[in-house]
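In what follows, a structure is listed as structure tokens, so that the remarks can point back to it.
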Amino acid sequence: MRVGQSIEVDLPGWTLRPRFPQVLQPVAAQPGSGRTTFKAIGSGSQLVTVEEQLGVGSCKYECAQLAPRYEQFVVVVVPADQVVDLALSEIDYGRIFLLKPGQRVVAAISSAALVESDPTVVVLDRVQSDNSLSMLNAERPGRVQLSGARFRVTLLVKAATSPYDVVATERDGGRTIPASVGQVIVFRLGNSAGFLPWRGGSGALDSVVDQGAPRDPTATTFTDLVPSAGIVLLRFEDDPRCWDQATCADIGRILNISLEVGG
Amino acid sequence: MTARVVGLMILAAALVGCGTFPHAGTQPVIGHVGGGATYQTSVGGRAKVQLFIRDFDRQVPHVVLTFVGGHNWLLEHGSISNDFSACQIGNGRLDCGAISTMEYQNIFFSGVATRPGVFQYTLAVSSEQDGHLEPIHAADGGPLIMRWVEVVNAH
Chain G
13 MRVGQSIEVD LPGWTLRPRF PQVLQPVAAQ PGSGRTTFKA IGSGSQLVTV EEQLGVGSCK
73 YECAQLAPRY EQFVVVVVPA DQVVDLALSE IDYGRIFLLK PGQRVVAAIS SAALVESDPT
133 VVVLDRVQSD NSLSMLNAER PGRVQLSGAR FRVTLLVKAA TSPYDVVATE RDGGRTIPAS
193 VGQVIVFRLG NSAGFLPWRG GSGALDSVVD QGAPRDPTAT TFTDLVPSAG IVLLRFEDDP
253 RCWDQATCAD IGRILNISLE VGG
Chain Z
7 MTARVVGLMI LAAALVGCGT FPHAGTQPVI GHVGGGATYQ TSVGGRAKVQ LFIRDFDRQV
67 PHVVLTFVGG HNWLLEHGSI SNDFSACQIG NGRLDCGAIS TMEYQNIFFS GVATRPGVFQ
127 YTLAVSSEQD GHLEPIHAAD GGPLIMRWVE VVNAH
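So the sequence lines, in the order shown, correspond to chains G and Z. Heads up, the first sequence stops at 275 in my numbering, and the numbers go up one at a time, no gaps. Heads up, the second sequence stops at 161 in my numbering, and the numbers go up one at a time, no gaps.
Right under this line is the structure:
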């Protein structure tokens with residue numbers, strides 16, 4: 013988000029614990045509703061922790077109290093005149109992101125601490141960067157790792173006309189698809205009436221965050237990077253919506269796809 | 007004398023009761039099924055069926071699974087293997103023997119798709135007695151069945 017913009021956090025039953033009021037300032041809160049509005053007052057990043065307080069049941073002797081649950085997210089605020097396509101922070105450690113040339117990235121890390129494995133794929137904008145945010149431009153197709161203190165992400169910049177090397181659908185069920193190490197594969201599996209979205213895949217592939225992918229409610233999409241050579245067996249499943257009912261006659265769908273990955 | 011009359015009345019009432027309320031043994035068995043099956047494959051591809059049957063409300067001495075409707079998975083696939091199951095596969099059906107109330111029976115088998123098409127399978131769970139199949143029922147009183155669609159693409 014940009015300086016001057018507002019963000020509403022709507023988490024009923026959760027308590028917000030923002031820690032750096034110089035970036036986000038609470039402007040409105042509705043007690044008991046879990047809804048709080050913050051205004052971005054300065055550029056930088058803010059880790060927001062939300063805590064769910066679980067009620068204690070009445071008990072007389074030995075009481076087992078459930079530990080509160082925590083979730084965290086990071087809000088990255090850029091100057092009002094900046095537009096970014098992707099925001100990164102330490103919370104994204106180890107993740108892989110897909111980009112197109114021309115897209116702009118902000119990383120919540122000092123530009124002085126940022127290390128790029130290939131500074132020609134994604135180029136640091138030194139004018140717009142400061143000691144809290146690094147602004148980068150995706151320049152050309154390639155792969156780059158950004159790292160720094162408690163920060164490491166991989167960016168894959170692919171040509172806008174061909175962001176995926178292989179596109180597989182449910183029609184590839186039972187088939188073996190040839191692939192190569194480093195390729196990006198998207199599995200676009202059509203959703204069916206009466207069934208939940210597809211799930212599954214394989215831990216043998218690295219999941220890729222593809223924020224630019226068009227939203228398609230008729231299909232479930234998995235985007236993966238092929239990390240190593242060999243045979244990869246993938247299994248996708250979707251369950252009927254009635255799966256938890258005792259009278260459900262429909263059974264789940266299984267889709268097996270193999271990848272033969274060359275070096 | 008009075009005691010004998012009372013005894014006869016109780017016996018008569020019991021017999022009338024038998025006529026009014028069916029014997030528990032004649033009520034259909036209630037059970038639960040689930041699982042998954044290969045949705046799409048190509049000719050020559052190995053398709054899998056992974057099922058479970060459980061929660062029978064009483065023991066069934068002889069459970070049989072038969073395909074009803076136009077397609078029989080066991081006849082549409084070749085090289086069928088019984089991957090994990092106590093059921094015997096033969097004559098286009100699965101013969102699972104006795105299943106008790108607490109039992110959770112897994113039935114995994116696979117086979118090679120032999121021809122392209124869209125196949126709609128319905129597998130019915132029955133109790134066989136003296137060569138006669140008696141449907142086992144789901145909790146809603148309908149027949150206990152498993153339905154799925156298999157799409158076999160040409161190469």
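Glycine is no exception: its CB is placed at the ideal position from the N, C-alpha and C atoms. Quantities reported herein were computed from a predicted structural model and do not represent experimental measurements.
Handout entry: Start-to-end residues for the alpha helix (DSSP H) that takes in Leu-80(Z)
Key = 79–82
Practice task
For Glu-109(Z), I'd like the list of residues in its chain whose CB is within less than 8 Å of its CB, leaving aside the five on either flank, ordered along the chain.
Solution key: The answer, listed in chain order, is Arg-60 and Phe-62.
Problem - 6 Å CB neighbourhood of Val-86(G) in its chain, flanking five on each side removed - result: Ser-57, Leu-59, Ser-101 and Ile-103
Exercise for the section: Pull out every residue of the stretch 227–248 of chain G whose Cβ sits closer than 7 Å to any Cβ of chain Z, in chain order. Expected result: none
Exercise for the section: Express the C-alpha separation of Arg-81(G) and Gln-34(G) in angstroms, rounding to a whole number. Expected result: When rounded, the distance between both Cα atoms is 26 Å.
Practice task
Report the residue from Arg-265(G), Asp-256(G), Gln-195(G) and Arg-164(G) whose alpha carbon sits nearest the alpha carbon of Val-178(G).
Solution key: Gln-195(G)
Handout entry: Segment limits, beta strand (DSSP E) that includes Glu-182(G)
Key = Careful: Glu-182(G) lies outside any beta strand (DSSP E) and carries neither H nor E.
Exercise for the section: May I ask you to list, following chain order, the residues of the stretch 205–229 of chain G that have a beta carbon less than 7 Å from some beta carbon of chain Z? Expected result: none
Problem - Ile-103(G) in three-state terms, based on DSSP - result: Helix at Ile-103(G).
Handout entry: is_contact[Asn-268(G), chain Z] using C-beta, thresh 9 Å
Key = yes
Problem - Euclidean distance between Cα positions of Arg-277(G) and Met-147(G) - result: Here chain G has residues from 13 to 275 only, and residue 277(G) is not among them.
Problem - Contact the stretch 38–47 of chain Z vs the stretch 245–262 of chain G: 3+ CB pairs below 8 Å - result: yes
Practice task
Would you identify the three-state DSSP class for Thr-61(G), choosing helix, strand or coil?
Solution key: strand
Practice task
Would you kindly work out how many angstroms separate the C-alpha atoms of Asn-78(Z) and Leu-129(Z), rounded to a whole number?
Solution key: 9 Å
Practice task
Go to Tyr-110(Z), then tell me how far its beta strand (DSSP E) extends in each direction, as first and last residue.
Solution key: 110–119
Problem - CA-to-CA distance, Ala-191(G) to Leu-81(Z), given in whole angstroms - result: 34 Å
Handout entry: Proximal residues of chain G, C-beta to C-beta of Met-152(Z) below 7 Å
Key = Ala-261 and Ile-263
Practice task
Go ahead and label Pro-28(Z) buried or exposed: buried means 16 or more other beta carbons lie within 10 angstroms of its beta carbon, across all protein chains shown.
Solution key: The pLDDT assigned to Pro-28(Z) is 34, lower than 50, so where the model puts this residue is not dependable, and the model offers no usable value.
Problem - Contact set between Arg-183(G) and chain Z, taken where Cβ atoms lie within less than 9 Å - result: Within 9 Å Cβ-Cβ: Gln-46, Ser-48, Val-157 and Asn-159.
Problem - Contact the stretch 164–182 of chain G vs the stretch 133–144 of chain G: 3+ CB pairs below 8 Å - result: yes
Practice task
Evaluate contact between the stretch 107–122 of chain G and the stretch 148–156 of chain G, counting only Cβ atoms and requiring at least three cross-stretch pairs below 8 Å.
Solution key: yes
Handout entry: Neighbourhood of Gly-75(Z) by C-beta distance below 7 Å, restricted to the same chain and skipping five residues each side
Key = Gln-126 and Thr-128
Practice task
Flag this pair as touching only if the stretch 204–219 of chain G and the stretch 231–243 of chain G have three or more C-beta atom pairs under 8 Å; answer yes or no.
Solution key: yes
Practice task
For Ala-92(Z), go through chain G and note every residue whose CB falls closer than 7 Å to its CB, in chain order.
Solution key: The premise fails here: Ala-92(Z) is roughly 19 Å from chain G at the closest Cβ pair, so nothing lies under 7 Å.
Exercise for the section: List the residues of chain Z whose Cβ lies closer than 9 Å to the Cβ of Arg-200(G), in chain order. Expected result: Result: empty, since nearest Cβ-Cβ is about 13 Å, beyond 9 Å.
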